[in-house]
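Residue numbers (the numbering used here): 11 to 151.
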């Protein structure tokens, strides 16, 4: 899996970077959940940026709500509208991790460079209001 977690990211920087192999949210998010390092914890929920993924809405126009992973289903939601290119993970401990999503179309050299820079670039999307809004609209259990 093409994932790098930063040891101690600067304030405002993501906690790491993830370079999925495709724009298929179901397959890639399931792979992330199933192969996420045990030492970092278990993913409980995912919040994604819709522009990063094909088919991020259901046939009825609603957003994808669950990912079927080998570890079990994981609740997902999306930012109402954004292009932050972030995936916010809620861990079973309650901790939130922010991953910069590297486009799957990135060249090998660019993808490796961006993975190496994980945790160095400030990608803070405002004040966290989108995540709070998602939680308030039923995104939490």
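Cβ atoms here follow ideal geometry from the backbone N, Cα and C, with glycine treated the same way.
- In the pairwise beta carbon analysis, the region 20-35 is classified as touching the region 115-125: at least three pairs are separated by under 8 Å.
- Nearest in C-alpha terms to residue 114, of all of 32, 76 and 50, is 32.
- Put simply, of 52, 93, 34 and 44 the residue whose alpha carbon is nearest the alpha carbon of residue 63 is 34.
- The three-state secondary structure of residue 43, taken from DSSP, is helix.
- Residue 104 is classed as exposed because its beta carbon has fewer than 16 other beta carbons within 10 Å across all chains shown.
- The three-state reading of DSSP puts residue 61 in helix, counting H, G and I together.
- Here the alpha carbons of residue 120 and residue 56 stand approximately 25 Å from one another.
- Residue ranges of uninterrupted beta strand (DSSP E) with 3 or more members, entirely inside the region 74-103 and ordered along the chain, are 76-79, 82-88 and 96-101.
- In the three-state reduction of the DSSP assignment, residue 23 falls in the coil class, being assigned neither a helical nor a strand state.
- A distance of 9 Å or more separates the beta carbons of residue 46 and residue 88.
- According to the DSSP secondary-structure assignment, residue 106 is paired through a beta bridge with 100.
- The alpha carbon of residue 79 has as its nearest neighbour, out of 128, 15 and 52, the alpha carbon of 52.
- Contact between residue 111 and residue 95 holds: CB atoms are separated by about 5 Å, below the 8 Å threshold.
- Residue 14 counts as buried, since at least 16 other C-beta atoms from the protein chains shown sit within 10 angstroms of its C-beta.
- For residue 18, the three-state secondary structure derived from DSSP is coil.
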